[in-house]
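Residues in the sequence shown are numbered consecutively from 0, following numbering that gives the first Met the number 0.
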Amino acid sequence: MKASRANIFLPATLRRSLVKLGSDLRAARQKRALTISMMLERTGVAKATYQKVEKGDPTVSLATYAMALYVLGFGDALGTLADAKGDETGLLLDQQRLPQRVRTKAGLQSQ
């Protein structure tokens, strides 16, 4: 199996974010008094894979992280992550693309 190159190209800020996510998932699991074995049953992944989740390993699939979030009660988190309504950059770009003036086509009359 070909090794993932995610570790090579991942910016340091994203690495730290993933490590924090893994740490936060671990803390949420512990607060809920769930053991790793319980998480394995509920997520359907191998122990080694789940341990990588809690370490913030970028080679773990997004689906595995999503399932861990779901099991811990954060199922809606991914759905709002890149929500267009909260995309300030996208909204600014939309606003900049608006025409300065609106003109009618020749021969058409507005009512």
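Ideal Cβ positions, reconstructed from N, Cα and C, are used throughout, including at glycine. Note that the coordinates shown come from a computational prediction; the quantities given were computed from them, not determined experimentally.
Only counting the same chain, and skipping five residues up and downstream in sequence, which positions put a Cβ closer than 7 Å to that of Gly74? The residues are Leu68.
Ignore the nearest five residues each way along the sequence and tell me which others in Ala45's own chain have a CB closer than 8 Å to its CB. These residues qualify, in order along the chain: Leu39.
On the three-pair Cβ rule with 8 Å, is the stretch 86-102 touching the stretch 55-69? The answer is no - the stretch 55-69 does not touch the stretch 86-102, with fewer than three Cβ pairs under 8 Å.
Backbone CA spacing between Thr34 and Arg25 [nearest angstrom]: Thr34 and Arg25: Cα-Cα distance of roughly 10 Å.
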